[in-house]
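For reference, the structure discussed in these notes is given below.
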Amino acid sequence: MFDLPVLAPQPSLTSDFLTPRLHDNVLASSMNAHAASANAPKLYVETYGCQMNVSDSEIVKGVMNQSGYAMTDKPDDADVIFVNTCAIRDNAEKKVHERLMHLKYFKKRRKDLVVGVLGCMAERMRDELMETKQIVDLVVGPDEYRRLPELVERAGGGTKGIAVKLSRVETYDDIEPLRTEGISAWISIMRGCDKFCTFCVVPFTRGRERSRAAHLIVDEAKRLHDAGFKEISLLGQNVNSYKDEAENIDFADLLRQTARAVPQMRIRYTTSHPYDMSDKLIATMAEYDNICKYIHLPVQSGSDRVLQAMNRHYTVEHYKERIRKIREYMPKCALSTDIIVGFPTETVEEHRMTFDLMAEVRYDGAFMFLYSPRERTKAWKMEDDISHDEKVRRLNEIIEQQQRIAGEINQIELGTVQHVLVEGPSRRNPETEWQGRTDTNKIVIFPHLTDKNTSTHAGYVVGDMINIHVERASAAILYGQII
Ligand code: 5AD
Ligand code: SF4
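Read in order, the letters of the sequence shown are residues 654 to 1136 in the numbering used here.
As structure tokens, then:
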């Protein structure tokens, strides 16, 4: 029930939720959309899970658009519906199952509708949904998206399709993603993961780690700048192990090249692994003003024994030393983390160590999860021996503490002036309030005063940088006035 992220500014990769940026649901008129003919078939894509999936859905739309499909944001209008799925935890899978059951309704109304399941759940879906329940026509894994147009066409002719092979080389380097309009864009820089944390299904659903060529990533950043985007996030399951082997470029080099190529853009990245959070990367972040001072550094546990059982490759002391280094180079850098409670055999004392570590580091945000056994992982073979109630108790304990700490951290910002990238109307009061983000990834809300004669605000538009004087703060949000 509480397996939810709390107060975190941005979800890490593979989380089973999304924080769509404002305007994310506006379909691209886009810098790269092919003009589809008036009677072109229409595709609707629904995305679950992490930013990597959001980015993959943009690749899928790019592939389909190349083959003449137009996009729609209404499933009722669609000739083809894709559900891009997440398998990271059981509750993520349940959500997708529920949604697929709803899609039956669309299938009943339109016999020729093609429904495809994409992404991390693909492999597990095929028997149940394709053969038994007959809801799904296609099941396509994360490395087979190039085949989608062909598979959809065959499905239209009545042949169900399965394509779930994982690749050691596929990076979709040459595919131009069809992005949603807005100011923030994702760029996938690598795929897969070789870390094999014992709780994690990602290496099995997304396959082995492989990186894109650095020069293509930098070119993509430049094109995004020219198309009016203001911020890019470099994405990978573990970006610190990015490597362009041909050019001998590591992640710190790539970050530097990108920061130099688009000095006017804000640059973010996620997710980092503490094992290879290098001095070079920290120094590079500190050197460039346009690299945002925010690091998501999942620790998972505060106990060395549990970390070892999780196959995390670092100790608590190593982690704390990395945090000290980050703060030495960037005293104002915001930090967030991921925590799993109730990993098999975790004792109350070991949980206490996690609690204490969080109090010591004082994170700006944390994503906290109940351990969820995943088939095929090493931990799956261990007994899931902590009861659900005890897991929830441990989770509540750290949530409560984290909320207090984040609130205290934000109180320190009172009276400061924050440089904010304007995103648009706030969710809660879109008429009178707008929101933006600091480079530390905190949401800032400010009054939006429109000119009564022109109905516009003379001072700023979406995508502008403005200064806000912070006057109030909650654990999750800063509030202030434009200066
Ligand atoms: N159970 C609970 N949380 C998990 N995560 C990954 N696998 C599991 C699992 N089986 C969490 C980790 C990771 C984040 C993306 O999701 O904390 O960092
Ligand atoms: Fe999963 Fe660990 Fe890889 Fe992250 S680093 S995707 S938690 S295996």
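C-beta atoms are modelled at their ideal positions from N, C-alpha and C, and glycine is treated no differently. Remember, predicted model here, so these are calculated numbers, not experimental data.
Identify whether I935 lies in helix, strand or coil by the three-state DSSP scheme. helix
Separation of G1060 from S1127, as counted between CA atoms: Near 6 Å, if we compare the C-alpha coordinates of G1060 and S1127.
For a test of your reading of the model: does the CB of V855 fall under 7 Å from any non-hydrogen atom of ligand 2? Yes or no. yes
List the DSSP bridge partners of V892. None; V892 has no bridge partner.
What is the DSSP secondary structure of L972, reduced to helix, strand or coil? Sequence check: residue 972 is Tyr here, not Leu. Looking at Y972 - three-state DSSP - the assignment turns out to be helix.
Simplified DSSP state of R674, which is helix, strand or coil: The predicted position of R674 is uncertain, since its pLDDT is 34 and thus under 50; no value can be drawn from it.
Report the CB separation of V1070 from D1117 in whole angstroms; it is logged as a contact under 8 Å. About 16 Å separates the CB atoms of V1070 and D1117; that is not less than 8 Å, and the two are not in contact.
Let me know the beta strand (DSSP E) ranges lying completely inside the stretch 1046-1098, each 3 residues or longer, listed in chain order. 1070-1078, 1086-1090
Go ahead and pull the three-state DSSP assignment for I734. strand
Which ranges does the alpha helix (DSSP H) cover as unbroken runs of at least 4 residues, wholly within the stretch 740-784, from first to last along the chain? 743-762, 775-778
Would you please state the rounded distance, in angstroms, between the beta carbons of N893 and M938? I believe it to be under 8 Å. Taking a contact as a CB-CB distance under 8 Å, the pair N893 and M938 does not count as one, their CB atoms being some 12 Å apart.
Going by other Cβ atoms of all chains shown within 10 Å of its Cβ, with 16 needed for buried, is E1124 buried or exposed? exposed
Pull up the distance between the alpha-carbon of K1095 and that of E803, whole angstroms please. 43 Å
Thinking just about the alpha-carbon of each residue, which of Y825, N718, S841 is nearest to the one in V805? N718
Could you check what DSSP says for F1008 in three-state terms: helix, strand or coil? In the structure shown, F1008 sits in a helix (DSSP, three-state: H, G or I).
Is H1041 buried or exposed, if buried means 16 or more other CB atoms sit within 10 Å of its CB? exposed
Using the C-alpha atoms, what's the distance from T824 back to F1020? 28 Å
For E873 and A691, the rounded distance between their alpha carbons: 29 Å
Would you mind reading off the limits of the beta strand (DSSP E) that contains D991? 987-994
Tell me the rounded alpha-carbon separation between L960 and G721. Here the alpha carbons of G721 and L960 stand approximately 49 Å from one another.
Beta strand (DSSP E) runs wholly inside the stretch 778-838, at least 3 long, in chain order: 791-793, 814-816
Pull up the CB-CB distance for K695 and D730, whole angstroms please, since I reckon it's below 8 Å. Confirmed, about 6 Å.
Quick check: the Cα distance between D677 and V707, rounded to an integer number of angstroms? Because the pLDDT of D677 is 33, which lies under 50, any placement of that residue in the model is unreliable, and the number read from its coordinates should be weighed accordingly. Taking the straight line joining both Cα atoms gives about 10 Å.
Note down the Cα distance separating L1131 from N1063, rounded to an integer number of angstroms. 7 Å
Distance, E884 Cα to D1092 Cα: 10 Å
Own chain partners of A905 with C-beta closer than 6 Å, once the 5 adjacent residues on each side are dropped: K933, L934, T937
Same chain only: Cβ atoms within 7 Å of P728, ignoring 5 sequence neighbours per side: Y697, I734, F759
CB of L819 within 8 Å of CB of D796, strictly: yes
Can you find a heavy atom of ligand 1 that lies under 7 Å from the Cβ of D991? yes
Those residues which DSSP pairs with D1037 across a bridge: The partner list for D1037 (beta bridge, DSSP) is empty, contrary to what the question assumes.
Select from R863, S710, I828 the residue whose C-alpha is nearest the C-alpha of V793. S710
Using a Cβ-Cβ cut-off of 6 Å (strictly less than) and excluding sequence neighbours within five positions of Y947, which residues of its own chain qualify? A987, T1093, N1094
Mind checking whether R859 and C773 have CB atoms under 8 Å apart? yes
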